[in-house]
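One structure is given below, encoded as structure tokens.
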Amino acid sequence: MPLKVLFASAEVAPFRKTGGLADVAGALPKALADNGVDVRVVTPFYQGTPTDGTERLDMAVRVPMYFGTRAAGVRRAQLPGTAVPVYLLENDHYYDRPALYGYGDNLERFVFLSRGALELTKVLDWVPDVVHANDWHTALMPVYVNTVEWARPLHGAATVYTIHNLAYQGDEDGGAHFVTALGPEHFNEWEFEHFGRFNPVKAAIRHSTKLSTVSPRYAGEIQTSDFGGGLDGELAARRADLHGILNGIDTTDWDPARDPHIAAHFDRDDLTGKAVCKAALQREAGLAERTDVPLLGVVSRLTPQKGLDILADAFGRMAGWDLQLVLLGAGDPADESRFAALAADHPDRLRCFIGFDNGLAHRIEAGCDFLVIPSRFEPCGLNQMYSMRYGTLPIVRATGGLADSVDNYAGSTGAGTGFVFHDLTVDALVGTVGWALSVWRDRPEHILAMRRRTMVRDWSWHRAGAEYERLYLEAYARRRGHAFRG
Ligand code: ADP
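Residue numbers for the sequence shown follow the numbering used here, beginning at 35 and rising by one.
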């Protein structure tokens, strides 16, 4: 019997996605299934989730909520190209809304997902060995599993809780606790109560058999007050059970030799197609079609996390430099208008695309010479890995997964896979971009060698999948007191 894993996430690519969580949830289960794990994914059926390839099951899950039960319809789909089942929980009241997040009843919407995912396994008569919850939206699952009277027959399941971004904790005023339908006795300092507020991530940290996060560096960082978002003490107390596993990427989706979104295909042995992609991107962006100007790219949510305010300031300092920058981003309206204004002032050097456009994200990764990621913090970051797979060298700040995945260029030997700076200051960013551009002009042989090096590195989920499987087995053994026998 294979290991049975219930994997729950608020977003799963390609169904609905706002960020890296969806990429992980769409790719990790594939790698697990390839290794023979019986993994099943649960996520909401949101407005806009494509219905082709989904089948409405003739069942309703009755989800216990604080006010009584509420029904969830169930649609079944599969992760593309695999037999991994994805169960989409349907409830128009909670999920038939334009956006995924940002509503006053978010806690209730994700209590419904967390509790609904567990109840679904009972209806399917499929008892998981491991329940894997991700980020605050499903943080209640490990708590529910431990709440025996509700959980049966899931009470023996080990729980793994993964932090994809600790900046989002789903914390609310203490009065919100009743929404969990757990009695007020659970609102204590050991579980949900955190300095008077309700904090589901704290409870998950306390209740889960094992914890993980998405890079080794971030696993260390979140145990410090700078990055721990107030939960550093909780995480440090569980450091022996906290594992940093660097994400992989979907190497089928992100493959310069096959990508349907880009103008020409290429690989490490023949980069001619990359030059075609650069010209096509310059054209698409309305910039001069020149091979002799370095083209920099940004693909990012516009939030303070991403440090793009520093890039905007730095751009002013690079006013005299011969470079082009293409930015694709959406989010904070203040950032959107700041970049739009900068682009209006520098139409020959800067093009901003505001919005979410997956195809364009691929074309930027493929067509640019460099991708700039000046994050304040970055749990893992996927874009630097995508860019390296496309031979686009990342210019990154040394934080979290950026530090774990990019090796700084060593001028003397030409070693390295990108350009790394440490201080989040305009000076450091301007200095590092200047350094990268001077290498691009003066040492093209080093740039070419770096591109090739980055393109052959194994970014697949294969490695990370094996690490998660090991973590599941450790969690299982801890929970049951004996090894998984299969
Ligand atoms: P985060 O999860 O913090 O947003 P990651 O680098 O881990 O950062 O993942 C971001 C993912 O979202 C990548 O797949 C990236 O290509 C994609 N992405 C971000 N912004 C956009 C956008 N405006 N248009 C298209 N894709 C985007």
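Glycine included, every Cβ here is placed at the ideal spot set by N, Cα and C. From a predicted model like this one, the values you see are computed outputs, not experimental measurements.
| Asked | Found |
| --- | --- |
| Determine the DSSP secondary structure at Gln316, reduced to helix, strand or coil. | helix |
| With DSSP as the reference, label Tyr121 as helix, strand or coil. | strand |
| Compute the Euclidean distance between the alpha carbons of Ala44 and Arg475, then round it to the nearest angstrom. | 45 Å |
| Contact check, Tyr178 vs Trp170 under 8 Å by CB: the rounded distance? | That pair is no contact at about 14 Å. |
| Just to confirm, are Ala65 and Gly499 a CB contact at a threshold of 8 Å? | yes |
| The alpha helix (DSSP H) that contains Gly363, what's its start and end? | First-last for Gly363: Gln358 to Gly365, but that is the beta strand (DSSP E), not the alpha helix (DSSP H). |
| Pop quiz: Gly336 and Asp379 are said to be a contact at Cβ under 8 Å. What is the actual Cβ separation, rounded to whole angstroms? | Before going on, a small fix: residue 336 reads as Leu here, not Gly. In fact, because the Cβ distance is near 18 Å, the residues do not count as touching under 8 Å. |
| Using DSSP's beta-bridge definition, name the partner residues of Cys386. | Leu361 |
| So, with DSSP's three-state summary, where would you put Tyr424? | coil |
| The beta strand (DSSP E) with Asn69 in it runs from where to where? | Looking at the DSSP string, Asn69 is not in any beta strand (DSSP E), and its letter there is neither H nor E. |
| Exposed or buried, which one is His516 when buried takes at least 16 other CB atoms within 10 Å? | exposed |
| Regarding Phe535 and the ligand ADP, is the C-beta to nearest heavy atom distance less than 7 Å? | What is shown of the chain runs 35 to 520, which leaves residue 535 out entirely. |
| Do the region 394-411 and the region 421-430 make contact, defined as three or more Cβ pairs closer than 8 Å? | yes |
| Are at least three pairs of beta-carbons, each pair with one atom in the region 389-396 and one in the region 435-449, less than 8 Å apart? | no |
| Assign Gln203 to one of three DSSP states: helix, strand, or coil. | coil |
| Within 10 angstroms of the Cβ of Gln418, are there 16 or more other Cβ atoms? Answer buried if so, exposed if not. | buried |
| I want to check one thing, is the minimum distance from the CB of Asn168 to the heavy atoms of the ligand ADP below 7 Å? | no |
| Taking 8 Å as the cut-off, decide whether the C-beta atoms of Leu141 and Phe49 are in contact. | no |
| Can you grab the Cα-Cα spacing for the pair Val248 / Ala511, in whole Å? | 22 Å |
| Starting from Ser334, follow the beta strand (DSSP E) in both directions and report where the run begins and ends. | Leu329 to Leu336 |
| Looking at the structure shown, is Asp284 part of a helix, part of a strand, or coil, going by DSSP? | coil |
| Among residues of its own chain, excluding the 5 on either side of Val73, which ones have a beta-carbon nearer than 7 Å to its beta-carbon? | Val39, Phe41, Pro63, Leu66, Ala67 and Val118 |
| Compute the beta-carbon to beta-carbon distance between Ile296 and Leu269, rounded to the nearest angstrom, for a pair I have assumed lies under 8 Å. | Ile296 to Leu269, Cβ: 40 Å. No contact. |
| Let me check understanding here. Comparing Cα to Cα, which of Pro78, Pro162 and Cys386 lies closest to Gly150? | Pro78 |
| Give every residue of the same chain whose Cβ lies closer than 6 Å to the Cβ of Pro187, excluding the five residues on either side of it in the sequence, and list them in chain order. | Val161 |
| CB Thr488 to CB Ile429, shorter than 8 Å? | no |
| In the DSSP assignment, find the unbroken alpha helix (DSSP H) run with Ile344 in it and report its ends. | Leu342 to Arg351 |
| How do the region 194-206 and the region 224-237 stand: do at least 3 beta-carbon pairs fall below 8 Å, yes or no? | yes |
| Any heavy atom of the ligand ADP closer than 7 Å to the Cβ of Val333? | yes |
| From Phe101, Ala509, Met175 and Leu458, pick the residue whose C-alpha is nearest to that of Ser148; which is it? | Met175 |
| Could you check whether Val157 and Met93 sit closer than 8 Å to each other, using their CB atoms as the reference points? | yes |
| Name the two residues that bound the continuous beta strand (DSSP E) containing Asn180. | First-last for Asn180: Leu174 to Asn180, but that is the alpha helix (DSSP H), not the beta strand (DSSP E). |
| On the criterion of 16 or more Cβ atoms from any shown chain inside 10 Å, does Ala191 qualify as buried, or is it exposed? | buried |
| Please report the residue range of the beta strand (DSSP E) in which His166 lies. | Val164 to Asn168 |
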